[in-house]
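*Asks:*
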Amino acid sequence: MNARDFDAWLHATSRAPLVMGILNITPDSFSDGGQFAGRVAAIAHAREMIASGADLIDVGGESTRPGAQRVTAPEQIDRIAPVIEAIRRDSDVAISVDTTLSPVAEAALEVGADILNDISAGREDPAMLALAGHRGKPIILMHMQGEPGTMQANPQYTDVTAEVMDHLEERAAAALVAGSLRERIILDPGIGFGKDLEHNLQLLRELPRLKALGFTLLVGVSRKRFIGAITGVEKPSDRVVGSIAAGEWAILNGADILRVHDVHQTKEMVSVISALTQRT
Ligand code: HH2
């Protein structure tokens, strides 16, 4: 799907769920660390996901797994910009940039990215919200308790869903003030970001409450640790079936976009669910 069609999709009332393929250009991501760190491998993987039917490609140059090293803006740009440029050369697929830093986002837009994906929801660098607003670019605002380095140490909530909703509403209000259109704001509960197994399950059970906020909803469950905790599957790349099950649940409970590693399998699931629910 190209950026123009994605923008039309964001404004539409009836729509099929979309699949966002993950491209981690990092040596240390939790599920595919190092696999696509080299430019050639990253570009080949993007092409493969596009051929498998990815509607969007999310490109990131910094791992957010618990304990991961922070990556400076110049280093992130060095990792992602040539790859975005190369994807753009032979495809018009909509590309998001997974970063919390506005210089990285700006550099990505410069070489052809279309969407901002900010796991800090503009808290780390408020200029992210201004950038999305001024440039009219869709922005994904994710909930996270704490910081990636320490977020899994001891996450605490009284009512996880209510707290995630309050936070996302507050961040969406900030994005609106910074000039974003409501339709271009995408909310994400941030599965696994400062949440234990029960918090993740509670949020997924209560997705309809999040959906009722009235924004486009993105959910990322792919290969995450909570899937391994439930199924006993240790290796992230072996968590495909569990990821598909959780993704299917998310769609049936209001998710509009799934952020996934296994594009081909997810597209198959989404096409069956879309046929059954008549969301096309
Ligand atoms: N999850 C990860 C990274 N970015 N962005 C959004 N909006 N939602 C998510 O759930 C999300 C995200 C973590 O997954 P991954 O990119 O596979 O791993 P890593 O951060 O280790 O690169």
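When we follow this note's numbering, the leftmost residue of the sequence shown carries the number 135, and every step to the right adds one.
We put the CB at the ideal spot given by N, CA and C, even for glycine.
Please read these numbers as outputs of a predicted model, since none were measured by experiment.
1. Could you name the residues of the same chain whose beta carbon sits closer than 7 Å to that of T205, not counting the 5 residues immediately before and after it, in chain order?
2. Tell me which same chain residues have a C-beta within less than 6 Å of the C-beta of N387, skipping the five on either side of it?
3. Sort I229, L265 and G246 by Cα distance to P237 and report the nearest one.
4. At the level of alpha carbons, what is the spacing between G362 and G354?
5. Could you say which of A287, T350, I229 and T160 lies nearest to D189 if we only look at CA atoms?
6. For Q286 and Q203, what's the separation of their Cα atoms in angstroms?
7. In angstroms with no decimal places, state the Cα-to-Cα distance between E244 and D372.
8. Let me check you understand the geometry: is the CB of D232 closer than 7 Å to at least one non-hydrogen atom of ligand 1?
9. What would DSSP say about V205, mapped onto helix, strand or coil?
10. Report the CB separation of R359 from M154 in whole angstroms; it is logged as a contact under 8 Å.
11. Curious, which full-length beta strand (DSSP E) runs of at least 3 residues does the stretch 211-288 contain?
12. Verify whether the separation of the beta carbon atoms of K298 and H268 is less than 8 Å.
13. Given the structure, does D322 come close to ligand 1, in the sense that its CB is under 7 Å from one of the ligand's heavy atoms?
14. Let me check you understand the geometry: is the CB of G187 closer than 7 Å to at least one non-hydrogen atom of ligand 1?
15. Could you give the distance in angstroms between the alpha-carbon of I214 and the alpha-carbon of A178?
16. The alpha helix (DSSP H) spanning D300 covers which residue range?
17. Have a look at the DSSP bridge pairing and note the partners of D322.
18. From the DSSP output, read off the bridge partner residues of M154.
19. Would I378 and T350 be called neighbours here (beta carbons separated by less than 8 Å)?
20. Could you give the DSSP three-state label for T400: helix, strand or coil?
21. In terms of alpha-carbon separation, which member of S254, A137, L335 and N334 lies closest to D415?
22. Per DSSP, T350 is paired with what?
23. In three-state DSSP terms, what is N334?
24. Just to confirm before moving on: does the CB-CB distance between T147 and P282 stay below 8 Å?
25. If you draw a straight line from the C-alpha of V193 to the C-alpha of L352, how long is it?
26. With a threshold of 7 Å (Cβ to nearest heavy atom), would L338 be considered close to ligand 1?
27. Taking the alpha helix (DSSP H) that P342 falls in, what are its first and last residues?
28. With a threshold of 6 Å on Cβ separation, who are the neighbours of S254 within its own chain once the five nearest residues in sequence on each side are excluded?
29. Taking the alpha carbon of Q290 as the point to measure from, which residue in A307, Q412, P200 and K329 has its own alpha carbon closest?
*Replies:* On the basis of the supplied data:
1. Position 71 of the sequence shown, counted from the start, is the residue given in the question as residue 205. The question names Thr, but residue 205 in the sequence shown is Val. So the list reads G195 and E196, once near-sequence residues are dropped.
2. Translated into positions along the sequence shown, residue 387 becomes position 253. These residues qualify, in order along the chain: L341 and P342.
3. Here residue 237 is taken as the residue at index 103 of the sequence shown, counted from 1. If we check each option's Cα against that of P237, L265 comes out closest.
4. For the purposes of this step, residue 362 is identified with residue 228 of the sequence shown, where counting begins at 1. For the purposes of this step, residue 354 is identified with residue 220 of the sequence shown, where counting begins at 1. Spanning the two alpha carbons is a distance of roughly 15 Å.
5. Position 55 of the sequence shown, counting from 1, holds the residue named residue 189. Minimum Cα distance to D189 is reached at I229.
6. Taking the sequence shown and counting its residues from 1, the one referred to as residue 286 is at position 152. Taking the sequence shown and counting its residues from 1, the one referred to as residue 203 is at position 69. Whole-angstrom Cα-Cα distance: 15 Å.
7. Locating residue 244 in the sequence shown gives position 110, where the first residue counts as 1. Locating residue 372 in the sequence shown gives position 238, where the first residue counts as 1. Cα to Cα, the separation comes out at about 36 Å.
8. Position 98 of the sequence shown, counting from 1, holds the residue named residue 232. Yes.
9. One-based indexing of the sequence shown puts residue 205 at position 71. DSSP places V205 in coil when its eight states are reduced to three.
10. Locating residue 359 in the sequence shown gives position 225, counting from the first residue. Locating residue 154 in the sequence shown gives position 20, counting from the first residue. Going by Cβ atoms, the distance from R359 to M154 rounds to 20 Å, so no, they are not a contact pair.
11. 228-232, 249-252 and 273-276
12. Translated into the one-based positions of the sequence shown, residue 298 becomes position 164. Translated into the one-based positions of the sequence shown, residue 268 becomes position 134. It is Val, not Lys, that sits at residue 298 in the sequence shown. Result no, Cβ atoms of V298 and H268 do not sit closer than 8 Å.
13. Taking the sequence shown and counting its residues from 1, the one referred to as residue 322 is at position 188. Correct: D322 has its Cβ closer than 7 Å to ligand 1.
14. Position 53 of the sequence shown, counted from the start, is the residue given in the question as residue 187. The answer is no for G187.
15. Sequence index remark: in the sequence shown, residue 214 carries index 80 (1-based). Sequence index remark: in the sequence shown, residue 178 carries index 44 (1-based). So the alpha carbons of these two residues sit roughly 14 Å apart.
16. For the purposes of this step, residue 300 is taken as residue 166 along the sequence shown, with counting starting at 1. Here the alpha helix (DSSP H) through D300 covers V294 to V311.
17. Here residue 322 refers to the residue found at position 188 of the sequence shown. DSSP, once it has assigned bridges, lists M276 as partnering D322.
18. Position 20 of the sequence shown holds residue 154. For M154, which the question treats as bridged, DSSP gives the partners L190 and R393.
19. Counting from one through the sequence shown, the residue named residue 378 turns up at place 244. Counting from one through the sequence shown, the residue named residue 350 turns up at place 216. Not closer than 8 Å, so no.
20. As a position in the sequence shown, residue 400 is number 266, starting the count at 1. In this structure, T400 counts as helix in the three-state DSSP scheme.
21. This structure cannot settle anything about residue 415, because the visible part of the chain is limited to 135 through 414.
22. The residue given as residue 350 occupies position 216 in the sequence shown. Bridge partners of T350: I320.
23. Looking up residue 334 in the sequence shown gives position 200. Helix, per DSSP.
24. Residue numbering aside, residue 147 sits at position 13 when the sequence shown is read from its first letter. Residue numbering aside, residue 282 sits at position 148 when the sequence shown is read from its first letter. No, these two residues do not count as a Cβ contact at 8 Å.
25. Counting from 1 along the sequence shown, the entry for residue 193 is found at position 59. Counting from 1 along the sequence shown, the entry for residue 352 is found at position 218. The straight-line gap from Cα to Cα measures roughly 16 Å.
26. Reading the sequence shown from its first residue, position 204 is the one you call residue 338. No, the Cβ of L338 stays beyond 7 Å of every heavy atom of ligand 1.
27. One-based indexing of the sequence shown puts residue 342 at position 208. Run containing P342: L341 to K345, per the alpha helix (DSSP H) assignment.
28. Along the sequence shown, read from residue 1 onward, the residue named residue 254 stands at position 120. Here the set comprises T234.
29. In the sequence shown, counting from the first residue as 1, residue 290 sits at position 156. Measuring from the Cα of Q290, the nearest candidate turns out to be K329.
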